[in-house]
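Enquirer:
Residue numbers (my numbering), protein chains in the order written: chain W, 1 to 164; chain A, 165 to 233.
1) If contacts are defined as beta-carbon pairs under 8 Å, then residue 202 of chain A and residue 131 of chain W qualify, I think. What distance do you get, rounded to the angstrom?
2) Can you tell me where the alpha helix (DSSP H) holding residue 43 of chain W begins and where it ends?
3) Any beta carbon of chain W sitting closer than 9 Å to that of residue 172 of chain A?
4) At the level of alpha carbons, what is the spacing between residue 233 of chain A and residue 22 of chain W?
5) Using a Cβ-Cβ distance under 9 Å, would residue 7 of chain W count as near chain A?
6) If you follow the beta strand (DSSP E) that residue 165 of chain W is in, where does it begin and where does it stop?
7) Just to confirm, is the Cβ distance from residue 156 of chain W to residue 173 of chain A under 9 Å?
8) Could one say the Cβ of residue 211 of chain A lies closer than 9 Å to chain W's Cβ atoms, at least one of them?
9) Would the beta-carbon of residue 135 of chain W fall within 9 Å of that of residue 199 of chain A?
10) Could you give the DSSP three-state label for residue 70 of chain W: helix, strand or coil?
11) Counting only C-beta atoms, is residue 154 of chain W closer than 9 Å to chain A at any point?
12) Can you grab the Cα-Cα spacing for the pair residue 193 of chain A / residue 139 of chain W, in whole Å?
13) Could you name the residues of the stretch 83 to 113 of chain W whose beta carbon sits closer than 9 Å to any beta carbon of chain A, in the order they occur along the chain?
14) Pull up the CB-CB distance for residue 33 of chain W and residue 56 of chain W, whole angstroms please, since I reckon it's below 8 Å.
15) Looking only at its own chain, which residues have a Cβ that is under 6 Å from the Cβ of residue 171 of chain A, when we skip the five neighbours before and after it?
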C-alpha cells in the first residue's frame, strides 16, 4: 500500500517542464503528454485517483514504483509523487527539477525576446523600405531627379529639380 | 534657372525628415506637403528658416514601430 502526496511546484510552461525532465533523464520516449489529464497507475497496476497531463510511467520510475505525474493547473504544474517514490523523486529531486526548469525558462525567455526584437526590426525595415519607395515614386512624379545614399541604417535621398 | 533641392532623411526607426532649399516663399512648404503627404500617420512639425530672401523649410514626420500609441 502506498499513498500519493501532491506537491505544488511553480512551473507553468509545458515545454520547459518537458525539457527539464529530459535534463534529468526522462526524455520524450519516457514521458507521456496529454491535453486531457489521465489517471496515474500504482505499483500493482491499480488506477489511482490522481490524474496528470504529464506522466512518467512506473516502469521508467523504478521497481515497485508508481507513476509520477504533473497536473496542469492555473497555479502551475502540480507534481504527484507517491510516498513510496518520495525516496528518489521527493523534495530533493523536485528541487533539482525546478532548478532545471528555471534554467530552461530563462533560455526560453531570452529566445522569445530575441525573436520579438527580430520581428520588430523586420517590421521597421519594411516600413523604411516602403517609405523610401514612396518618396522615390512621388519625387519622380513631381519631376525630381533622385540621388540616394545610405549611411548605416540611415537613408538620404537628395531630390533635385531645375526651375525656370 | 535655379535649382530646387529637397533632402529627405529616413532613419532606422522610420523617422522621416525633409528639408527644402531654393524655393520662394511658401512654395517650399507646399512642395514638402505634396511629397510627404500620406507617407506617415505620425506627427508633422514644420520649421521655417529665413535664408537670404527665400524661405527654407524643414518638415519632419516621424513614426514609431513596435510601440503602441
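Beta carbons are placed, not taken as given, at the ideal position from N, Cα and C, and that holds for glycine.
None of these values were measured; they are calculated from a predicted model.
Expert: By the coordinates alone:
1) About 11 Å separates the Cβ atoms of residue 202 of chain A and residue 131 of chain W, ruling out a contact at the 8 Å cut-off.
2) No alpha helix (DSSP H) holds residue 43 of chain W; DSSP gives it neither H nor E.
3) With 9 Å as the cut-off, residue 172 of chain A counts as an interface residue toward chain W.
4) Low local confidence applies: a pLDDT of 46 at residue 233 of chain A is under 50, so the model's placement there is unreliable, with the coordinate-based value given in what follows. Straight across, the Cα-Cα distance linking residue 233 of chain A with residue 22 of chain W is about 43 Å.
5) Reliability fails at residue 7 of chain W, whose pLDDT of 49 lies under 50, so the model's placement of it is uncertain and the value that follows must be treated cautiously. By this cut-off, residue 7 of chain W is not an interface position.
6) Since the first residue shown for chain W is 1 and the last is 164, residue 165 of chain W is missing from the structure and cannot be characterised.
7) Annotated as proximal: residue 156 of chain W and residue 173 of chain A, with beta-carbon spacing under 9 Å.
8) False, the Cβ-Cβ gap to chain W never drops below 9 Å.
9) It is a contact, given that the beta carbons lie within the stated cut-off.
10) Strand.
11) Chain A contact via Cβ: present.
12) CA-to-CA, the gap between residue 193 of chain A and residue 139 of chain W works out to about 15 Å.
13) Listed by position along the chain: nothing, the set is empty.
14) With a beta-carbon spacing of about 11 Å, residue 33 of chain W and residue 56 of chain W fall beyond the 8 Å limit used to define contacts.
15) Cβ contact annotation for residue 171 of chain A (same chain, cutoff 6 Å, sequence separation greater than five): 183, in chain order.
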